């Protein structure tokens, strides 16, 4: 690259195109632009003005159409092919607009796909090798520049300038120089929809890179798309140090719970995801498909292996290890979207046939899958925001019609006879002031329970802007829960008056539709709201009679779905210590509370 007198690496927000672009064209600048595409086809926040100005200028009749005729540019896009038409959308649009302004594109836009089986580093190296060959060719034919001025380009871009007319040969008409594309091997560029048209090969969901990342995080991977991991609360209860919030709210035995998923892929990239987006994403099943029985057997095998490995840990109770060797519960919520797995109903049947209760969590982006889902012990929907705008900001969904899918999922949830739950993750300064919107969503899905949990800060991540300040305190979660309960009950009263008048309050069962705070788990920063139909004769019945559920689901299967049952058919009384307001704040008194002391020392120099 001897023809360049200066090469400068700058960030998009350091460059004002309104002031610099025309001047850079006059100086015959070469801009090498690295342009990522964020969710929903938008540029990163720092590059918004750059993209907006160039887009508007390309449509503005007042902008001289040949003003950028001496500007040269190369664009490398970064995107995710799982976003379909939005794959590298910002880079494609930027290339089109610059061409409309008569700027010279030296190489057709190349897109790096973060979901490709090929690593990002390898894709970049291949692109860079081709770029280097082009400049090597120019070094042999073009004298070095003597005069240049530094400038910038967007989103970690490389700006290379020359004031020499000799380098114009790179952009001369085709009859004057060798075609740039003839200088190097073709660069493999994915189409805008992210598909490789010539390839019909079906890949495994777990690529070597994903396997490496998730294995490093402690996941045991099963087959080509499933995984299992030992929950921290399983470890805690093996030591007799307390169970998770599900133990407090619903009576599970935390040390006998297997946390797993048949699909590591997800349709969202939530800002608070504590897996830091190391799992794959997708809007449909596009991978090889493993058999449900193989998945179940291997999940169970891996889980028991992790339990056995833990038996030598100091403080572990031998009787708990023995008990944990029989799985009683399965939380289908580990990572990804379990309901994406096409044979999810078969897997659930296998779990139920072994007397394993099922707690399935979905992100509400696959309404048809919810509609067709057979009964589970408890069905969750993650409700991370109350409006289309905030859901887009927090969940960063892949689907364009994400909001419609979200609402349809809630509607189908309302038709289920089993226990249904809204899971709200409270992110301070993001969604903690959306009480009215959340209450409206409750009126759509009418869940029997609402879990409200403060987001847990999981460390810094390049994919998330959350900090420790976004984690609410338990008292703030309680305050939000109280305000939400009041608002929901107000809407229920309004709805009764609207459809039945004041006479509607005379119904003996009408009180069952209202909500109240039933339980809390202070350690998890979590609060449970429940319909008052579970408040029977002065006692809460949020716990589950798991043996009764086993009998009911067996009858359901044997009758081929004709013998149905409801959530009240398998509820059990909640112990006093688990009630909201109890001095234990959700900690089981039969467990031993261990408070770790953190000592911080200051060194005096």
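In the UniProt record's numbering, the protein residues as written are 1 to 605. Note that CB positions come from ideal geometry on N, CA and C, so glycine has one too. On a predicted model such as this, the values are computed, not experimentally measured, just so you know.
Query	Result
Assigned secondary structure, residue 382 (DSSP; H/G/I helix, E/B strand, else coil)	strand
Nonlocal neighbours in the same chain, by C-beta distance under 7 Å from residue 224, ignoring five residues either side	204, 205, 206, 287, 288, 290
Among 333, 472, 53, nearest to residue 98 - alpha-carbon criterion	53
Coil, strand or helix - residue 113 by DSSP	strand
Three-state secondary structure (DSSP) of residue 576	helix
Three or more C-beta pairs below 8 Å linking the segment 434-451 and the segment 408-415	yes
Residue 422 in three-state terms, based on DSSP	strand
Buried versus exposed call for residue 9 [16 or more other C-beta atoms within 10 Å across all chains shown]	exposed
C-beta atoms of residue 358 and residue 348 nearer than 8 Å	yes
Cβ-Cβ distance between residue 242 and residue 588 below 8 Å	yes
Distance between residue 105 and residue 165 (C-alpha atoms, nearest Å)	Summary for residue 165: the model assigns pLDDT 38, below 50, so the residue's position carries little reliability; its value from the coordinates is reported in the next sentence. Computed Cα separation, rounded: 17 Å.
Separation of residue 540 from residue 595, as counted between CA atoms	29 Å
Residue 263 vs residue 336 beta-carbon contact at 8 Å	yes
Candidates 92, 41, 29: closest to residue 72 by CA position	29
For residue 612, the residue or residues it bridges with in DSSP	In the structure displayed, the chain extends from 1 to 605; residue 612 sits before or after that span and is not available.
Rounded C-alpha distance that separates residue 221 from residue 254	21 Å
Exposure label - residue 202; buried when at least 16 CB within 10 Å	exposed
Closest Cα partner of residue 266 within the set 530, 285, 250, 252	285
Distance, residue 135 Cα to residue 111 Cα	20 Å
Reference residue 350, options 35, 330, 580, closest by Cα	330
Same chain, Cβ closer than 7 Å to residue 376, neighbours up to 5 away in sequence not counted	348, 358, 360, 418
Cβ shell of residue 395 (< 6 Å), same chain only, five flanking positions each side left out	268, 270, 384
Residue(s) in a DSSP beta bridge with residue 203	287
Contact set for residue 226: own chain, Cβ-Cβ below 6 Å, skip 5 residues either direction	262, 295
For residue 261, three-class secondary structure by DSSP	strand
Start-to-end residues for the alpha helix (DSSP H) that takes in residue 252	Neither: residue 252 is in no alpha helix (DSSP H) and is coded neither H nor E.
CB-CB length for residue 542 against residue 250, believed under 8 Å	6 Å
Simplified DSSP state of residue 442, which is helix, strand or coil	helix
Alpha helix (DSSP H) segment containing residue 273, residue limits	Looking at the DSSP string, residue 273 is not in any alpha helix (DSSP H), and its letter there is neither H nor E.
Segment contact flag, the segment 81-101 with the segment 112-121, C-beta cutoff 8 Å, min 3 pairs	yes
Unbroken alpha helix (DSSP H) run spanning residue 230, endpoints	No alpha helix (DSSP H) contains residue 230, which DSSP labels as neither H nor E.
Environment of residue 64 [buried if 16+ CB atoms lie within 10 Å]	exposed
6 Å Cβ shell around residue 341 - same chain, five flanking residues per side excluded	262, 263
Whole-number beta carbon distance between residue 519 and residue 480, since they are thought to touch under 8 Å	Their Cβ separation, rounded to whole angstroms, is 16 Å, which puts residue 480 and residue 519 out of contact at 8 Å.
Through-space distance from residue 544 to residue 513, alpha-carbon basis	20 Å
Nearest-angstrom Cβ-Cβ length linking residue 365 and residue 402, presumed shorter than 8 Å	6 Å
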